[in-house]
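Student: Mind having a look at this structure? Questions to follow.
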Amino acid sequence: MDAEPTSVAVQRYLDELAGDSPAEPVIRALLDRAVRRLEKLCTTFLYRSYPRLTRPPTNLQPDEMLGAVVERLLKALREARPASVRQFFGLACQHIRWELNETARRLDEQPAAEELRDESVPAPASSSSGLTPDGRRILAAIDQLPEGEREAFDLVQIQGLSQAEAARVLEVSVATVNRRLNRGLGLLTATLADLYPGEEESPAAP
Numbered sequence: 000m001d002a003e004p005t006s007v008a009v010q011r012y013l014d015e016l017a018g019d020s021p022a023e024p025v026i027r028a029l030l031d032r033a034v035r036r037l038e039k040l041c042t043t044f045l046y047r048s049y050p051r052l053t054r055p056p057t058n059l060q061p062d063e064m065l066g067a068v069v070e071r072l073l074k075a076l077r078e079a080r081p082a083s084v085r086q087f088f089g090l091a092c093q094h095i096r097w098e099l100n101e102t103a104r105r106l107d108e109q110p111a112a113e114e115l116r117d118e119s120v121p122a123p124a125s126s127s128s129g130l131t132p133d134g135r136r137i138l139a140a141i142d143q144l145p146e147g148e149r150e151a152f153d154l155v156q157i158q159g160l161s162q163a164e165a166a167r168v169l170e171v172s173v174a175t176v177n178r179r180l181n182r183g184l185g186l187l188t189a190t191l192a193d194l195y196p197g198e199e200e201s202p203a204a205p
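Next comes the structure, spelled out in structure tokens:
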């Protein structure tokens with residue numbers, strides 16, 4: 000059983016979950032089998048998008064985050080029924096983003112202990128979590144992409160898959176992945192255009 004590819008095992012559990020078997024043991028077996036892939040996703044999201052959370056005062060580590068994400072998925076899968084490996088890991092990516100956003104928000108809402116001890120020390124320019132309001136806007140914009148574009152973005156830009164690998168996961172052509180990725184990046188650029196004002200004010204040719 001250990002030699003069985005993760006994607007094959009996950010699909011088998013998803014098929015079983017769609018049947019008449021009791022849901023809870025199937026969900027737990029599914030998450031147990033997918034745990035290595037989930038931990039890799041947690042690590043990728045944490046160190047690429049939220050590196051500040053790995054340092055004091057939170058010192059968040061991927062294994063700690065994994066526990067919270069698994070708990071989220073346990074609850075979500077009691078109602079959601081992803082039909083494919085693609086849908087399951089899409090759901091996982093969504094909950095990983097939500098968990099990191101909530102962790103960053105909780106940290107930013109804590110009273111600054113430094114301000115209580117020494118009011119002469121200026122407040123830091125960025126948030127405690129290192130996730131600025133603009134950073135949150137970017138993540139929210141990614142979440143709001145159409146499903147196909149968001150999946151392509153997650154697989155290539157977040158999970159680090161090649162476009163050929165993403166095409167196999169999505170069961171589409173490489174050209175389709177490339178098109179969705181470019182369209183997603185175009186939508187993000189349009190939505191977040193005010194973050195790059197210089198690009199809109201390039202001087203006209205004489």
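Here numbering that gives the first Met the number 0 is used: the first residue of the sequence shown is 0, the next is one more, and so on.
Ideal placement from N, C-alpha and C gives every residue a C-beta, glycine not left out.
The structure displayed is predicted, hence computed values, not measured ones.
Considering only their Cβ atoms, is the gap separating Leu-72 from Pro-81 smaller than 7 Å?
Tutor: In the sequence shown, the residue the question calls residue 81 occupies position 82. In the sequence shown, the residue the question calls residue 72 occupies position 73. In this structure, Leu-72 does not lie closer than 7 Å to Pro-81 by Cβ.
Student: Under three-state DSSP, which class holds Ser-6?
Tutor: Walking along the sequence shown from the start, residue 6 turns up at place 7. Of the three classes helix, strand and coil, the one that applies to Ser-6 here is helix, per DSSP.
Student: Near Glu-38, what residues of its chain come up, given a Cβ to Cβ distance below 8 Å and the 5 sequence neighbours on each side ignored?
Tutor: Start at 1 with the first residue of the sequence shown, and residue 38 comes out as number 39. Here the set comprises Pro-61, Asp-62 and Leu-65.
Student: Tell me the DSSP secondary structure of Ala-28 in three-state form.
Tutor: Translated into the one-based positions of the sequence shown, residue 28 becomes position 29. In the structure shown, Ala-28 adopts helical secondary structure according to DSSP, grouped into three states.
Student: Distance, Cα to Cα, Ser-83 vs Leu-13?
Tutor: Looking up residue 83 in the sequence shown gives position 84. Looking up residue 13 in the sequence shown gives position 14. About 7 Å.
Student: With a CB to CB cut of under 8 Å and the five nearest residues on each side skipped, what residues in its chain are close to Thr-5?
Tutor: Position 6 of the sequence shown holds residue 5. Counting only Cβ-Cβ distances below 8 Å, and skipping sequence neighbours, we find Arg-32, Ala-33, Arg-35 and Arg-36.
Student: Please identify the residue among Ala-174, Arg-135 and Ser-48 whose C-alpha is closest to the C-alpha of Ala-151.
Tutor: By 1-based counting over the sequence shown, the position of residue 151 is 152. Ranking the options by Cα distance to Ala-151, first place goes to Ala-174.
Student: Would you mind sorting Ser-119 into buried or exposed? The rule is 16 or more other CB atoms within 10 Å of its CB.
Tutor: What you label residue 119 is simply residue 120 of the sequence shown in a count that begins at 1. With a pLDDT of 40 at Ser-119, under the threshold of 50, the modelled position of that residue is not reliable, and no figure is offered here.
Student: Would you mind reading off the limits of the alpha helix (DSSP H) that contains Glu-63?
Tutor: The residue given as residue 63 occupies position 64 in the sequence shown. Element bounds for Glu-63: 61-75.
Student: Expressed to the nearest angstrom, what Euclidean distance is found between the alpha-carbon atoms of Leu-154 and Gly-147?
Tutor: Position 155 of the sequence shown holds residue 154. Position 148 of the sequence shown holds residue 147. Cα-Cα distance, rounded: 11 Å.
Student: Please state the DSSP three-state secondary structure of Gln-86.
Tutor: Taking the first residue of the sequence shown as 1, we reach residue 86 at position 87. Reduced to three states, the DSSP call for Gln-86 is helix.
Student: Which first and last residues belong to the alpha helix (DSSP H) in which Glu-148 is found?
Tutor: In the sequence shown, the residue the question calls residue 148 occupies position 149. Unbroken alpha helix (DSSP H) run through Glu-148: 146-152.
Student: Measure the alpha-carbon distance for Arg-135 versus Val-171 and round it to whole angstroms.
Tutor: If you number the sequence shown from 1, residue 135 lands on position 136. If you number the sequence shown from 1, residue 171 lands on position 172. Each residue's alpha carbon lies about 31 Å from the other.
Student: Looking at Gly-183: is its Cβ nearer than 7 Å to the Cβ of Leu-144?
Tutor: Here residue 183 is taken as the residue at index 184 of the sequence shown, counted from 1. Here residue 144 is taken as the residue at index 145 of the sequence shown, counted from 1. Cβ distance < 7 Å, so Gly-183 and Leu-144 count as in contact.
Student: Nearest CA to the CA of Ala-8: which residue from Val-25, Gly-18, Ser-20 and Gln-158?
Tutor: For the purposes of this step, residue 8 is identified with residue 9 of the sequence shown, where counting begins at 1. Among Val-25, Gly-18, Ser-20 and Gln-158, the Cα nearest to that of Ala-8 belongs to Val-25.
Student: So Tyr-49 and Leu-106 are in contact, right, with Cβ under 8 Å, and what is the actual spacing, rounded?
Tutor: Residue mapping note: residue 49 aligns to position 50 of the sequence shown, counting from 1. Residue mapping note: residue 106 aligns to position 107 of the sequence shown, counting from 1. With 8 Å as the limit, Tyr-49 and Leu-106 do not qualify as a contact, their Cβ atoms being about 10 Å apart.
Student: Per DSSP, what kind of secondary structure is Asp-142 in: helix, strand or coil?
Tutor: Residue 142 sits at position 143 when you count from the first residue of the sequence shown. Asp-142 falls in the helix class under three-state DSSP.
Student: Identify whether Pro-81 lies in helix, strand or coil by the three-state DSSP scheme.
Tutor: Walking along the sequence shown from the start, residue 81 turns up at place 82. If DSSP states are grouped into helix, strand and coil, Pro-81 belongs with coil.
Student: Output yes or no for whether 7 Å exceeds the beta carbon distance between Ile-95 and Val-69.
Tutor: Translated into positions along the sequence shown, residue 95 becomes position 96. Translated into positions along the sequence shown, residue 69 becomes position 70. Not in contact: Ile-95 and Val-69 (Cβ atoms no closer than 7 Å).
Student: Look up Ala-17 in the DSSP assignment and say whether it is helix, strand or coil.
Tutor: The sequence position of residue 17 within the sequence shown is 18, counting from 1. Coil.
Student: For my contact list, Leu-52 and Ala-17 are in at a C-beta cut-off of 8 Å; report their separation, rounded to the angstrom.
Tutor: As a working mapping, residue 52 is identified with position 53 in the sequence shown. As a working mapping, residue 17 is identified with position 18 in the sequence shown. That pair is no contact at about 36 Å.
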